[in-house]
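In structure tokens, the structure reads:
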């Protein structure tokens, strides 16, 4: 039965429920309210006390009320939830209204003062921002009863909630049954209507078919009469056609005989023509074959001619250029038409040296049939190209020519320069360069290879590449074949002469060494880079402080492990308590020490396969595959045992935990993580307060152990503050507060270096700036505790001056809290009458004169006068 779409108001008449709630509240004497599961009110409040209304008007109070409502209203199959409200400590109770498996509402009661009620009223009123007289007045009006009586009322409330759940469930069942019957009746009605419509359509169609059939019968009778008349006419026509057909058959026979005679004559003539065509085709094919061979030879010759790298030329016996290749045109810049008018010596006009060299080469050709020359060839745009010419005589059809080729020596010179540069690169490179043949022999090596591997040059040339690798030779052979065909870059391990392994990056490519096919391998030592990569890879997934996995690794692992085979998957979230206060009091190095010790305790309690990660600043998260909720709780117990006796600067390690378990494959692992985190925060609210108080006591004790003079100074300031408070007529509770604040006023000095606190000489400017930080540090330490919040404000301002020239905020006059002005007087007076390393103590009278002298500038003038009269 589906109920998840229903709300409370779908089951009950809200006005009737309101009456029932009001009667319950009046009869039992408790406040009452029905809310949605998220705390949103459904009914109007019944019997709410004025105190709770006042509390809900404040931000802190309203937030605490919401937290209490969510706890009291959470489902509980064993009975009602009975808790003290986080806002005022009043006793509250609640029961859930559940229909099927759907939590639809909470019935909350409470606002009771019971026999165990115990809260510091004034401190709490000040904390949340309610006037004390209003708080006391409204608290007096709150209903009182014993806790056992309230428990009985809650049990009765639980039974009522159970009855409402059952009534709602019955209502859902009845509603479903009625809806089912209505749907069935509607379906029957629709079927009847559809059937009637089909019968009506069928009857109409039959009637139409009968009419059409009658019309068709009449038409058939008329058609039969016409056909009978037509048959008589056809019989007469058939007789005439038979006579005509006989005549046509006789004519066709005569034509067939004539055609046969004609065909015989055509076949005879065709055979004669085919013989003639066969002879012609043989002659044509032979001619085409000869032309093709000639064209192919010309194509090959032209291709060879034009593909040459140099310029090819043919001069006649009058030194006229008569044949050239494409390279000739490209190098000189002349068109084919222009080259047709060139003579041999036209290229060297004005260059007697080149002309003389060419004429000397022609003489060699004439004498020996072959000659060479080096000369500068002038191009069309006037550029001179250094050329090397070779030529020989050629006789064509009894006529003598000389042919040759000219090569641009600029490229040769550039090539020689490049070879020299490559030699320098190879010898000066930091990377080893090796030439290796197909058998793995090292044929050549550069100086870097000798330096890196530790072998001499001759020793290297006696090695095979297998000697440097020391792995299965078949793998290396396959790698060499791939390098030869495609060229590859890969990482490997090579071994030096002394056996030391190094990480290398090898770039290997097939090439020629002379006419021999070899591999050129450039080897770079990447040992340092590999080490750095390994370090970076480790740091990318680990927290550098604790050595645990970091958030990035955890977020990747939770996706990888979130599979059905790992169910149940448990998640534990932990938050280290007191990190901020430890950082403020002792410095971040001590805070880091706390985190490291907490991490070690967590890791020692977990299994090797569990994922332990630092989630944030003070948060840790543990991912436990194949772990039940009960096993996760046992892990938390083991962790607490591991850090039970661990301390940092006398402060015990404390961690708040929350956990939850994924038990179904379709359940979101992110929701499980959020549930564990929410559980942790609820536990932290409870655990943190007591821990903060213990930490503050430990800090003040550590300060006094570090500097016993501060302990005596604090006690004297505390007593003077009490005396001033009594002198100005403060209530006893405020005088008690002055006692505490006097003892704690210098707690911020715990973060000041000891040598500065005890320095006998005058402080430097930087040291004085350090001392001036202690009010702010003290404020941050105490403000972590709700109980110390008001004291923290007083300590923050106890070095402010009446004239606004104090620190840390430069407050002036009445802007400074009164308690801070009292501490300033007491602190200054005790400092003046006490012996210090850097000066002798003043007499009480001299100190009083200083107080009065600075009245209205440093001190509150009214308090200064009262203080002076009190001491005199």
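Residue numbers (the working numbering): 43 to 914. The beta carbon of each residue, even a glycine, is placed where N, CA and C say it ideally should be.
Exercise. Enumerate in chain order the residues of its own chain whose CB-to-CB distance from residue 213 is below 6 angstroms, with the five nearest sequence positions on each side excluded.
Key: 53
Practice problem: Determine contact between the stretch 802-811 and the stretch 836-854, defined as no fewer than three beta-carbon pairs at a distance below 8 angstroms. | Solution: no
Exercise. Inspect the CB distances between the stretch 515-528 and the stretch 552-567 and report whether three or more fall short of 8 angstroms.
Key: yes
Quiz prompt | residue 650 versus 659, 640, 677, 638, residue with shortest Cα-Cα distance | solution = 677
Quiz prompt | 4-residue-minimum alpha helix (DSSP H) runs that sit fully inside the stretch 616-667, ordered along the chain | solution = 621-628, 630-647
Practice problem: Give the secondary structure of residue 44 by DSSP, where H, G and I count as helix, E and B as strand, and everything else as coil. | Solution: Annotation note: pLDDT 44 at residue 44 (below 50); position unreliable, coordinate value reported separately. It is coil, neither helix nor strand.
Self-check item: beta strand (DSSP E) segments (min. 3 residues) lying fully within the stretch 400-448
Solution: 412-420, 426-438
Practice problem: State the beta-bridge partners of residue 555 as determined by DSSP. | Solution: 558
Quiz item: Just to confirm, are residue 794 and residue 816 a CB contact at a threshold of 8 angstroms?
Solution: yes
Self-check item: Span separating the alpha-carbon of residue 512 from that of residue 550
Solution: 18 angstroms
Self-check item: Cβ-based burial, residue 104 [other Cβ within 10 Å; buried from 16]
Solution: exposed
Quiz item: According to the neighbour-count rule (16 or more other Cβ atoms, all chains shown, within 10 Å of its Cβ), is residue 252 buried or exposed?
Solution: exposed
Quiz item: How is residue 77 classed by DSSP in three states: helix, strand or coil?
Solution: strand
Practice problem: Run through the stretch 781-846 for me and flag every whole alpha helix (DSSP H) of 4 or more residues, listed as ranges in chain order. | Solution: 796-799, 807-813, 816-824, 831-838
Practice problem: Buried or exposed for residue 826, please, with buried defined as at least 16 other CB atoms from any protein chain shown within 10 angstroms of its CB. | Solution: buried
Exercise. Inspect the CB distances between the stretch 171-187 and the stretch 104-121 and report whether three or more fall short of 8 angstroms.
Key: no
Exercise. Please report the Cβ distance between residue 876 and residue 755, rounded to the nearest whole angstrom; I am assuming they are in contact, meaning their Cβ atoms lie under 8 angstroms.
Key: 7 angstroms
Self-check item: Start and end residues, alpha helix (DSSP H) containing residue 373
Solution: 368-374
Quiz prompt | Backbone CA spacing between residue 591 and residue 597 [nearest angstrom] | solution = 10 angstroms
Exercise. Evaluate the contact criterion for the stretch 56-70 versus the stretch 218-235: three or more CB pairs, one atom per stretch, below 8 angstroms.
Key: no
Practice problem: Counting only the same chain and skipping the five closest in sequence on each side, list residues whose C-beta sits under 7 angstroms from that of residue 752. | Solution: 745, 746, 788, 791
Exercise. Check the DSSP bridge columns for residue 536 and list the partner residues they point to.
Key: 544
Quiz prompt | Endpoints, alpha helix (DSSP H) assigned at residue 678 | solution = 671-684
Self-check item: Cβ-Cβ distance between residue 121 and residue 150 below 8 angstroms
Solution: no
Quiz item: How far does the beta strand (DSSP E) with residue 864 in it reach, from first residue to last?
Solution: Premise fails: residue 864 lies in the alpha helix (DSSP H), 860-875, not in any beta strand (DSSP E).
Exercise. List the endpoints of the continuous beta strand (DSSP E) containing residue 51.
Key: Element bounds for residue 51: not the beta strand (DSSP E) but the alpha helix (DSSP H), 50-53.
Self-check item: Where the beta strand (DSSP E) containing residue 355 begins and where it ends
Solution: 353-357
Quiz item: Is the beta carbon of residue 445 sitting closer than 8 angstroms to the one on residue 473?
Solution: no
Practice problem: With DSSP as the reference, label residue 550 as helix, strand or coil. | Solution: strand
Quiz item: At what residue ranges does the stretch 174-227 contain a whole run of the alpha helix (DSSP H), taking only runs of 4 or more?
Solution: 174-183
Quiz prompt | Helix, strand or coil at residue 229 [DSSP, three-state] | solution = helix
Quiz prompt | Cβ shell of residue 765 (< 8 angstroms), same chain only, five flanking positions each side left out | solution = 912
Exercise. Along the beta strand (DSSP E) that carries residue 703, what are the first and last residues, could you check?
Key: 697-704
Exercise. Using the DSSP secondary-structure output, state which residues sit across from residue 689 in a beta bridge.
Key: 694
Quiz item: To which residues does DSSP link residue 83 through a beta bridge?
Solution: 77
Quiz item: Touching or not, the stretch 580-589 and the stretch 477-495, by the rule of three or more beta carbon pairs under 8 angstroms?
Solution: no
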